[in-house]
Structures are given as structure tokens and as C-alpha cells.
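Sequential numbering of the sequence shown, starting at -14, is according to my numbering. Glycine included, every Cβ here is placed at the ideal spot set by N, Cα and C. Predicted model only: the values in this text are computed from it and were never measured.
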Amino acid sequence: MKSKKKLTHRFEPKHHRGLESRYRRRILPPTTILKSFGLKKGMKVADVGVGTGYFLIPAARIVGQQGKAYGIDVSEEMLQILSKKRLPRNTVIVHSIDGYSFDVPSSEVNFVVASAILHENDPDKFLRELRRIMKRKGKLLIIEWKKTSKFGPPLDERLDEEDVVRMLKRNRFRPVTSRSLNARYYAVLSEKV
């Protein structure tokens, strides 16, 4: 079954300061989350929907100079905000014109993080491109808004955890684990098969 979801909502760059708030760092600590889901030194990682670099910068530090960190986004405005930051040397910024094709070599990355963006895309098309850039047995960490959270995108655009697992399986990812991160977010870790 192919998804027919239309893009109806995208994050507004004018709200970018909220992505860096102390509250968000407390409820969604990027370094802790990335390490707990298996990101390690020497890996190649992609943060798709990089925004302000909330996950990218900690990911680049975790993988170190032996690794590489790609930050991918469709929003030129968000990438301009990101480019003003002091980024680790092992960071590569990639602008995706349509959100479904990334200037990243095939089978390049061990780990992908996609935080709060799967609900913004055609999931099948998006997951196919993630599959392309990932190495075999690479890990994909999807973080999404819970339907019960008062905050976030419109409720009708949010994805249930079970829906995400079905989408992953349909696109040849093997779900490894899923868990609640807090009252607002859940995470699903899967592996490319």
C-alpha cells in the first residue's frame, strides 16, 4: 500500500529559537538520546531535517573526527541559520531541493536521525531515500510527536507509533525497539535489511 499523504504543514523557520530552548534540551537531550540508541565514535551519521543542528552538532561530536556528520534540510532559511554556528569540522551541510533526494553517496551512513519530520513528508518516498544513503544494517532513528501531546503539529498530521512501524516494515526496515521519550515524543529505532 503506497502512502498518499500530502504535505500540509512544515516547520516555520521564524520559530527556530524554540528548537534550542532549555526546556527542549531537558525533555529531549540530544547527546543522551543519540548514545542510548547506538550512535558511536567513527560512524557516519545523517540528521535529516537538521534545522538548527539540534541533533547534528552533538552527533558530530559523538562520531568524532574519524566519523562524518551530514546535516540535510529542504529549508534554505534553516540552513542559513545553521551555517552561522560554529560547526565541527567533520560536518557536511546538504540542501535537499525537494526533501526526497539528498546529495549523499549511496550506502554512506551507519546511522540516520529524523526528528519530528516523518509526518511532514510522503513517508514511502522519504524512507526510500533514507534507505539509499544507508549502509546495510544501518540504524534509522525516527522521533515523532505523540498524538496525545498538546504541543506540536496539527493532530491529524501526527503519526501513531504503530503506523510508523508499518511504514518502516513496508520499506524494508526491521524495527529494533521503540519507546516513549517523554510526554511529547516517542522514538522508533529500525535497521536497514
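Would residue 176 pass as a contact of residue 161 if the rule is Cβ separation under 7 Å?
With contacts defined by Cβ atoms closer than 7 Å, residue 176 and residue 161 form a contacting pair.
- Message: Measuring straight from C-alpha to C-alpha, what distance separates residue 139 and residue 148?
- Response: The straight-line gap from Cα to Cα measures roughly 17 Å.
(Q) What residue range does the alpha helix (DSSP H) around residue 45 cover? (A) Taken as a continuous stretch (DSSP letters only), the alpha helix (DSSP H) holding residue 45 covers 41 to 48.
* Should residue 173 go down as buried or exposed, given a rule of 16 or more other Cβ atoms within 10 Å for buried? -> The C-beta of residue 173 has 16 or more other C-beta atoms within 10 Å across all chains shown, which makes the residue buried.
If I measure Cβ to Cβ from residue 159 and keep anything under 7 Å in the same chain, skipping five residues before and after, which residues do I get? Correct list, in chain order: 175, 176, 178.
What is the C-beta distance between residue 153 and residue 18, in whole angstroms, given that I count them as a contact (C-beta under 8 Å)?
-> That belief does not hold up - the Cβ atoms of residue 153 and residue 18 are roughly 18 Å apart, past 8 Å.
Please identify the residue among 123, 11, 112 whose C-alpha is closest to the C-alpha of residue 151. Looking at 123, 11, 112, the one whose alpha-carbon comes closest to that of residue 151 is 112.
### Query
Between residue 56 and residue 84, which are expected to be in contact by the criterion C-beta below 8 Å, what is the C-beta distance as a whole number of angstroms?
Taking a contact as a CB-CB distance under 8 Å, the pair residue 56 and residue 84 does not count as one, their CB atoms being some 14 Å apart.
Among 69, 14, 102, which residue has its Cα nearest to the Cα of residue 44? It is 14 whose Cα lies nearest to the Cα of residue 44.
*asked:* So, with DSSP's three-state summary, where would you put residue 92?
replied: Correct three-state label for residue 92: coil.
In this structure, does DSSP put residue 143 in helix, strand or coil?
-> Residue 143 sits in coil when the DSSP states are folded into three classes, being neither helix nor strand.
**Asked** Alpha carbon to alpha carbon, what distance is there between residue 106 and residue 169?
**Response** Inter-residue distance for residue 169 and residue 106 is about 20 Å (C-alpha atoms, whole angstroms).
Burial state of residue 36 (16 or more Cβ within 10 Å): When all chains shown are included, residue 36 counts as buried.
#### Entry: Inter-residue spacing [alpha-carbon to alpha-carbon] between residue 120 and residue 28
If I take the Cα positions, the gap works out to 11 Å.
* To do: Would you mind stating whether residue 40 and residue 100 have Cβ atoms separated by less than 7 Å?
  => In contact: residue 40 and residue 100 (Cβ atoms closer than 7 Å).
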